[in-house]
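Going line by line, the protein sequences match chains E, L and G. Take the first sequence: its position 774, counting from 1, is numbered 1261 in the working numbering, and each next residue is one higher. Take the second sequence: its position 41, counting from 1, is numbered 51 in the working numbering, and each next residue is one higher. Take the third sequence: its position 14, counting from 1, is numbered 1413 in the working numbering, and each next residue is one higher. Where a beta carbon is used, it is the ideal one built from N, C-alpha and C, also for glycine. Model, not experiment: these values are computed from the prediction. Heads up, the thing below is written out as structure tokens.
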Amino acid sequence: MALTKDAEPSGQGRQALKLAEGTRKVHTTCYMCACRCGIEVTVEDEKIRFISGIAESPVNKGVWCAKGGAGIMTQYSPARLTTPLMRVPGSERGQGTLVPVDWETALNTVAGWLQDIRQTDPAKLAYFTGRDQMQAFNGYWARQFGTPNWAAHGGFCSVNMAAAGMYSVGGSFWEFGWPDLEEARWFMMLGVAEDHPSNPLKLAISRLKDRGGRFVVVNPVRSGYGALADEWVPIHPGTDGALLMAMMHVLHQEGLYDREFLSRYTNAAGLVEVAPGQPSDGLFWRSSGQDVMVADERGDFVPMMEASGRGRLEGDYRHEGRAYRPAFQLLSDRLAACTPAWAEGITHVPRRTIVRLALEMGTTAMKHPVVLPTPWTDFYGQEHPQTVGRPVAFHAMRGLAAHTNGFQTIRALFDLMMMLGTIDGPGGFRYKSPYPKEAPPPVTPASRPEDYQPMQAVAKPLLGYPRSPDDLLVQGDEPMRIDEAYSWKYPLAAHGLIQNVVRNAFDKRPYGIDTLMVYMSNIAWNSSWNTLETRDMLRAKDDQGEYRIPHVVVLDAFDSETVAFADIVFPDTTYLERWDAASLQDRPISEPDGPADSIRQPVVAPPSGVRPAADTLIELANRLRLPGFVDQDRPRYRTYADFIQLWETSPGSGVGLLAGYRGSQGTDTLVGAPNPRQLEAYARHKAFWFEEIAPERKYYRMANRQYLDWAHGVKFIPTADPIILQFYSEPLQTFRLAGQGLWPGKKPRHPALRKRLATYFDPLPFWHPPLEEKEETAGSYPLILLTQRPMTHYHSWGSHNAWLRQLLLENPLFINPQAAQALDLCDGQWVWMESRQGRMTATLRFSDAVEPGTVWTWNAIAKAPGAWGLHPDAPESQNAILVNHIVPDTLTSDDDTVTFNNDPVTGQAGWYDAKVRLYPSELHEVWPKVEARAPVRADMAEWKSLRYSTRKGAGH
Amino acid sequence: MRPTWPLLALTLLQGLSAGMLCLAAVALLAPAMDIPRTTLFVWQGAAWVAGALGGMASFFHMHRLAAARYVLRRLGSSWLSREALSTAVYMIVASFVLLVHLFWPRDLGAWDAVSGLAAVLGLAAVYITAMLYATIPAMRSWHSPVTVLVFVCAGLLSGGAADYALVAGRSSDLALRAAVMGLAAVFGILFSFQARLFRQAAGGVLSATGTGLSGRPYRLQDSGTSRRPYRTQTQIWPELPARLRRWLYALVFGLAVAIPWAAAIWLPGWAGGILLLASVGLGVSLSRWLFFGDATHSSRVWFADQPKTPSPVRREGKRTYKMQ
Amino acid sequence: MQLTIITDLNKCVGCKSCQVSCKEHNTSGDFGPVPDHHPYREVDGMWWNRVISMEAGEYPNVGVMYLPKACMHCYDAPCVPVCPTGASYKREDNGVVLVDYDTCIGCQLCMWACPYGVREFDEEQGVVKKCTMCIDRIEDETLPANDRQPACVQSCPTHARTFGDLDDPDSVVSHLVAERQGFTLLPELGARPAVHYLPRRQVTGMVGEDEISRVLGEDC
Ligand SMILES: Nc1nc2c(c(=O)[nH]1)N[C@H]1C(S)=C(S)[C@@H](COP(=O)(O)OP(=O)(O)OC[C@H]3O[C@@H](n4cnc5c(=O)[nH]c(N)nc54)[C@H](O)[C@@H]3O)O[C@H]1N2
Ligand SMILES: Nc1nc2c(c(=O)[nH]1)N[C@H]1C(S)=C(S)[C@@H](COP(=O)(O)OP(=O)(O)OC[C@H]3O[C@@H](n4cnc5c(=O)[nH]c(N)nc54)[C@H](O)[C@@H]3O)O[C@H]1N2
Ligand code: SF4
Ligand code: SF4
Ligand code: SF4
Ligand code: SF4
Ligand code: SF4
Ligand SMILES: [Mo]
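Right under this line is the structure:
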């Protein structure tokens, strides 16, 4: 494997570096995780010496985390790839027999494969990206190429969270919205270990604590943030939906909910037709202007806009022989059965706790509002002299999302928040620009077969939010995408379904592909489930001895497990060596107070054999003459830096990747002509841009007339129309109708597919057990297996970092002592952990901070021996465990095709549904193990000591 | 704490040397013991060699000889400064003992005088060395007068055993034999006190950590940085498994008390002498190894990885729970 | 003057930012290096600030706590008088306890004497090292004001750490210690640490048991 001498602080022994004449401080954006904090990097003697937070940064406000500071050691990682690599012809894929090749050979080879694909069937390229922060660019690239088969990592990550939020309120938690802990008095966090906004969440919790706010954590495990909770609510995994429904039950029963908010800003008063068996069943009664009809206080039926929020929430109505009920009435009917006692049986949370917490949140919201002196005007034209907020905030993440009932659970959470009136008011959930968008955002994926033709760019975006079955990418029952996104099985797969790709490509279902291109995702290890089989599928051959996935191209900066499975590897720079944009077009770094974006700039020069991945992709695009990249055969962009500055969402739109310093003078913001010196301007301004929204536009933005006009002006939203919150999700009902055979447009044929739609596409939230519970063997695996993110590691990236790896290099399986004693297992014991997928060994560690029905460990600590530049004897491969080996990737299927262990609405991977049983192990070592390979840099793997200092100061 | 060889060598050899000189002085000043003067001189010579080796070992414990010249700077407060001084003075006087014997007229009594002085200084050096350990409140296992008594007794015992071995072939001096047997018995008693102290220390550290976390005792949940011992934290040393510790205690008693008694009673002559010395030497060394290696420092609790033994969180009886 | 760092355990989430920023600064600061052994194998490195995680109690009444632990800059620092060479000393002007690497002989006695296990030994250099209160930052007048505070205080994402003068009764740290029942570790060992911790403060709910029973329709 490739070797270089460029990237090391010092070799063995002591080597004090003198303080260089010119010490530089460079501002850029961190990429040790997805949080994207502003960092100041001190460079001495062309070596990175200190990384600290930028005080003015709207994201991290001067602080930085363990990963951020340890960026130094990532820069000097032993796993750095330093030249393009190619699998030795004739050697087997997966063994890591890669040799350096020159760039021209690598580019030519890949361009050749891609050219063939593009000329015949562009869908034969599958391009999937992982922890990617340039999705706008990557999506654009794939669109120009013409393949439907592109997505980032959302499918195995948290599409449930994104989609449920987008279909409910046109925003979500995560990068789309945020609990306002500056004003909240009561805060409930469900299923969060660390989450994307790492530093901002810590800063916010700190503010809540300063102000004496009450902090409730709902989580099977108490750790991290949970340690600070005033109350820990240990819940059995996969049951939060029941908890939330029961809380709504109590709020409803006690009248502790915001009726005015519901009828003014949500569609809860909308009249839903009750016509079982009819095509109009469950759809809103709409006015000729397509407005939802409501019954006003006089019992007249009027469009919602005319009723000015006076629509009734309850009742049974008939009009011209049709029966209608307000959406809220429908939910109330359902809530009647969702008693605290019912929920206690499911969640293992005592009913008294459920009632107490519901009363706390309801009372705080309704009886103790926060009042800001800011006037604002709503879309009905009513002026509010003050901004009144309900200071009850929530935050949730993968603990809800990563279950196969996650979509509906999160829908329940958003409906609960709507009931409490705590959407975008002070102290509640607050949008981050450019959100709110219409719920769901008015973008649908290109869904016709004609959209994907040889030598042609796709006219519409590849990903979006289907509004009805007609937007799905299906031909009959057959999916059109290799990942089955937008298929009948996973209709609202708004982020694509990366976790389905390898198996489908292996199965050649719906078709075989030619090239799998992977950027920044470790699919041969910690982001796959059923890992060992996945690895086998990556290297499987057909009868003729050809690989079933003929070509695998990997763009990575480090020698990950996946690199060993590549045929060609393009080495990427580190984040301290390239231009980048953290764009509003992508995943915003905005704060509730206003839009923000930032750049990365090269702090030090990359090793000579290394190029930024985006530059490589642009080079490929230029060689392939992809439409959006060439102008009459002349390349428009040579590098990603060009692209960042010059590209526009559509020609002349004035909207590009970066919103600050636009226009020829660099004086425009948000909309303005491209500025070829924009990056310089950012570099001069500490690498970020932030604009505060005017106070009267800051709150209730979905309903704030001035905000909507402004947001339309700056092209956040295509029209200034009100954004009505979707208490009742009509798009879901259209899918249900399709399942019932009642939808006039596309509908599935197979009964199993129909049943899925009819069951899970409920327009109102409900709780159902995770799909794993329906497996015949579910009873034999009584414990749920979870992972949590450690605050010090970002997925697989921590282990090649000499400092971070010291903080966590092996992971025991944490178990409640009561649960262990019931199984006669003791602390420190080696056990077999078996799921229906297979079994593996683990060492137990007792912890009372975990619910007895759950076992858990840290995510992505284990490494394949020799990967990541580590010595094959490193504890990460000798003592750490990767639970992905036994997380099942598929469910028992009702039809004749594979059914993945995904949420039936969005296709989100159901990581946290895995069920296991434990029993003593005679084997006292980690099992299974994969074959060892030589580390990229054997010399570094053998280093005896790492020590350096730049200064000779008082201490010496 | 990490029982490094220079520490073991320094403390053991210093004690041995002082012990041998002490017995020599006693024999010299109390002629009842009836040991030939040449034998006494051999004892003293051997003591000098032991002391010199111990002194040399101490240099290996210093990691920066360049700074050795500063070592006497804190005589006012540092028992280590005092140790350096006392050991040096002791060695100088011990050298005088030899020189005086060789070059000074016998009848002037000078030899007797310096021998006595050297013995006192030797005892003082052992005392100071022991005080170095005994005065550290953070070393929970050492912070006690027992440490001083054990050090002194171990020195006398090993010195006595060495002296005994050096004469055993020729003499059957009852007084010396009785002295060695007595010292072994006292050592056995002191060692059991020390063992008790060590167990108390290991249990006691949890009691007052002042963290404000309710419901002690608690369980440390770190992996990664809490993996001990740290190379860079020499005071953190893994706790011995209780079973092994019990075996080692028994071994110390066997080697330092039982076998010497048996040898002294039933095996006269060279064989007995050498067996006695070897046994005492091993026993005292093992006890010293345990002194360092099994000591509890107040910080250990902060770093201890979860021991691979049942949880320290005590509970009353088994409780069952509902698994679905 | 006695400089100190106060950590609010009501805010510390155990993120270890302070642990890494300490290493980050000091590795190339005036008192570095802060070495690592076998960095890419079974690694074992020097840290002047280590964050400890612990839990206590029985499910479900269990508490979890994180405790960053570096030099306490004790008033009666036991590490100082035991040092034979005077390499370990406590600065009179600001109470910071430091090690002069030039006079240290590496005997490690101070490591045993320190009750908190915060001193670490650099075998290669033969000296003992520990938290310096970032003296090279706080006294470096060429740095911008915001950077003239310990790295671990500056980086802490929850602002759990506060730096200041404990001898000044009007300082923020003094107020925190007085008003929030600041406590020290292992007080019985008599080192009188300057570094204090602030205990948890629980915010309780306001719903009564009878209220819950009423809603459930149960008898209390
Ligand atoms: N340091 C660090 N930060 C990261 C990452 C990282 O790897 N390291 N990864 C980033 C990525 S890609 C993502 S997607 C985010 C994810 O951020 P999080 O959602 O915070 O990530 P997880 O670690 O999956 O946390 C899931 C939490 O939910 C709990 N949980 C599991 N099941 C349930 C349940 O049924 N109900 C409830 N209430 N809780 C449950 C688990 O115990 C755990 O605490 O983090 C991002 N931030
Ligand atoms: N058991 C279990 N498995 C999980 C999860 C879980 O909670 N439990 N979480 C899931 C979730 S939410 C996610 S998002 C996935 C994440 O899983 P992945 O998307 O696989 O993320 P990483 O492991 O971080 O791997 C990303 C790759 O990016 C590479 N990389 C790092 N920096 C750069 C760079 O600058 N340039 C380039 N080109 N490459 C770089 C790394 O070398 C690595 O190979 O894991 C999933 N897997
Ligand atoms: S939170 Fe993420 S982006 Fe921010 S400093 Fe830490 S690693 Fe960097
Ligand atoms: S940085 Fe702050 S929150 Fe993180 S471990 Fe240190 S003190 Fe605790
Ligand atoms: S190791 Fe250095 S600082 Fe510590 S006591 Fe010895 S000489 Fe003093
Ligand atoms: S904490 Fe330890 S090293 Fe620091 S001053 Fe106190 S005794 Fe000395
Ligand atoms: S004050 Fe400086 S040296 Fe001390 S722990 Fe904090 S960062 Fe480390
Ligand atoms: Mo993720």
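On the criterion of 16 or more Cβ atoms from any shown chain inside 10 Å, does L:ARG241 qualify as buried, or is it exposed? buried
What's the gap between the Cα of E:VAL961 and the Cα of E:ARG1243? 16 angstroms
DSSP three-state assignment for E:TYR1006, whether helix, strand or coil: Here E:TYR1006 sits in strand by DSSP.
Measuring alpha carbon to alpha carbon, tell me which of E:GLY555, E:ASN1162, E:ARG580 ends up nearest E:TYR1034. E:ARG580
For E:ILE1210, which residues from the same chain have a beta carbon less than 6 angstroms from its beta carbon, with the 5 sequence-adjacent residues on both sides left out? GLY657, PRO923, GLU925, MET1189
Cβ-based neighbour list, L:TRP95, same chain, cut-off 8 angstroms, excluding 5 preceding and 5 following: According to the sequence displayed, residue 95 of chain L carries Leu and not Trp. LEU82, LEU85, listed in sequence order.
Under the DSSP definition of a beta bridge, which residues are partnered with G:GLY1444? In DSSP, G:GLY1444 forms a bridge with G:ASP1435.
Determine the direct distance from the alpha carbon of E:PRO1138 to that of E:TYR752, and round the result to whole angstroms. One C-alpha to the other measures close to 35 angstroms.
Quick one: is L:THR21 buried, meaning 16 or more other Cβ sit within 10 Å of its Cβ, or exposed? buried
Between which two residues does the alpha helix (DSSP H) holding E:ALA1128 run? 1127-1133
What's the gap between the Cα of E:SER974 and the Cα of E:THR1206? 30 angstroms
Indicate the three-state DSSP secondary structure (helix, strand or coil) for E:ILE526 in the structure shown. strand
When you compare the CB of L:PRO115 with every CB in chain G, is at least one pair closer than 8 angstroms? no
Residues, ordered as in the chain, of the region 1282-1298 of chain E that lie near chain G by beta-carbon distance below 8 angstroms: HIS1287, ALA1289, TRP1290, LEU1291, ARG1292, GLN1293, LEU1294, LEU1296
Can you give me the C-alpha to C-alpha distance between G:PRO1514 and G:ARG1449, rounded to a whole angstrom? 15 angstroms
Looking at C-beta atoms only, is the number of pairs between the region 1210-1222 of chain E and the region 954-968 of chain E that lie closer than 8 angstroms three or more? The way I'd put it, the region 1210-1222 of chain E does touch the region 954-968 of chain E; three or more beta-carbon pairs between them come closer than 8 angstroms.
Per-residue DSSP class, three states only, for G:ARG1449: strand
Using only the alpha-carbon positions, how far apart do E:LEU959 and E:LEU979 sit? 8 angstroms
Assuming E:LEU1212 and E:ILE833 make a contact with CB atoms under 8 angstroms, what is their CB distance in whole Å? That belief does not hold up - the Cβ atoms of E:LEU1212 and E:ILE833 are roughly 27 angstroms apart, past 8 angstroms.
E:TRP1319 - containing beta strand (DSSP E), residue span: 1317-1322
Starting from E:ASN625 and walking both ways along the alpha helix (DSSP H), at which residues does that stretch end? In this chain, the alpha helix (DSSP H) harbouring E:ASN625 covers 622-632.
Strictly below 9 angstroms CB to CB, what residues from chain G border E:ALA733? Neighbours of E:ALA733 on chain G: none; closest Cβ ~11 angstroms, over 9 angstroms.
Which two residues bound the contiguous beta strand (DSSP E) that contains E:HIS806? 804-806
So, are the CB atoms of L:ALA140 and G:TRP1511 less than 8 angstroms apart? Their beta carbons are not under 8 angstroms apart, which means L:ALA140 does not touch G:TRP1511 by this criterion.
8 angstroms CB neighbourhood of L:ALA212 in its chain, flanking five on each side removed: ARG150, SER151, GLU249, THR306
Select from the region 1526-1552 of chain G all residues with a C-beta closer than 7 angstroms to any C-beta belonging to chain E, and list them in chain order. ASP1535, ASN1545
In the DSSP assignment, the beta strand (DSSP E) including E:SER539 goes from what residue to what residue? 534-540
Is the separation between the beta-carbon of E:VAL875 and that of E:GLY912 shorter than 8 angstroms? With contacts defined as CB atoms closer than 8 angstroms, E:VAL875 and E:GLY912 qualify as a contacting pair.
Spell out whether any CB of chain L is found under 8 angstroms from the CB atom of G:PRO1483. yes
Under 8 angstroms: do the region 1419-1429 of chain E and the region 1274-1287 of chain E share three or more Cβ pairs, one atom per stretch? no
Does the beta carbon of L:GLN245 sit closer than 8 angstroms to a beta carbon anywhere in chain G? yes
Cutoff 6 angstroms; reference G:PHE1430; Cβ partners in own chain excluding five residues on either side: If we look at G:PHE1430 and ignore the five residues flanking it on each side, its Cβ neighbours are THR1531.
Using 8 angstroms as the limit for Cβ to Cβ distance, is E:PRO1269 near chain G? no
Name the residues in the region 690-714 of chain E whose C-beta lies less than 8 angstroms from a C-beta of chain G; which are they? The residues in question are LEU690, ILE692, SER693, LYS696, GLY699, GLY700, ARG701, PHE702, ARG709, SER710, GLY711, TYR712, GLY713, ALA714.
Rounded to whole angstroms, what is the Cα-Cα separation between E:ALA503 and G:GLY1525? Bear in mind that a pLDDT of 35 at E:ALA503, under 50, signals an unreliable position, so the number given afterwards is only what the model happens to contain. Approximately 16 angstroms, taken between the alpha carbons.
Within 10 angstroms of its Cβ, does L:PHE313 collect 16 or more other Cβ (buried), or is it exposed? Low local confidence applies: a pLDDT of 49 at L:PHE313 is under 50, so the model's placement there is unreliable, with the coordinate-based value given in what follows. Counting Cβ neighbours within 10 Å, L:PHE313 comes out buried, since at least 16 surround it.
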